[in-house]
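Structure first, commentary second.
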Amino acid sequence: MSVPRTPPQTLTMNRSLSASGSTPNITTYCEEDYITNFSTRKRKGRSDEEEYKKDFNSFRSDIMEFLQDFAKKQNENLSFIKNEIGEIKSEIKSVKLVTENITQQINQISDEIENIKSKNTITQTKIEDIEHQMSYLKNQ
1 MSVPRTPPQT
11 LTMNRSLSAS
21 GSTPNITTYC
31 EEDYITNFST
41 RKRKGRSDEE
51 EYKKDFNSFR
61 SDIMEFLQDF
71 AKKQNENLSF
81 IKNEIGEIKS
91 EIKSVKLVTE
101 NITQQINQIS
111 DEIENIKSKN
121 TITQTKIEDI
131 EHQMSYLKNQ
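Our numbering puts the first residue of the sequence shown at 1, with every later residue one more than the last.
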């Protein structure tokens with residue numbers, strides 16, 4: 001009968017016993033081993049990348065067109081508002097001039113009324129004097 005025997009330890013077994021082939025001490029790890037662990041192959045380009053670029057450029061152009069239209073409309077609105085404000089200012093100036101003229105005319109009319117009242121009072125006094133004189137002459 002043969003005695004079961006364990007296989008001799010090899011390099012691959014030593015690695016599996018020490019954390020699956022990782023080197024715990026990085027300073028002892030060779031640069032050559034480090035470089036061979038990385039692949040220098042270029043990534044495959046995504047086929048969707050061009051589609052994304054086209055979609056993004058289309059979106060960008062749509063946004064730019066929208067913003068340009070919006071700016072144009074805002075400029076038109078601003079011009080319209082400026083014109084309206086200019087017209088309102090000129091109307092206010094004309095109303096102010098008319099109001100000043102009316103105020104002057106009212107002042108003139110008030111002065112004339114006062115003048116007429118004064119003359120009327122003087123005339124009334126003269127009439128009363130004449131009436132007194134007539135009554136005096138009648139009584140004599």
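Glycine included, C-beta positions come from ideal geometry on N, C-alpha and C.
Cα-Cα separation, residue i to residue j
i	j	result
residue 78	residue 63	22 angstroms
residue 16	residue 4	Caution is warranted here: a pLDDT of 49 is assigned to residue 16, below 50, making its placement in the model unreliable, and the coordinate value is therefore given only provisionally. Each residue's alpha carbon lies about 22 angstroms from the other.
residue 93	residue 110	26 angstroms
residue 133	residue 119	21 angstroms
residue 130	residue 114	24 angstroms
residue 59	residue 68	14 angstroms
8 angstroms CB neighbourhood of residue i in its chain, flanking five on each side removed
i	result
residue 74	none
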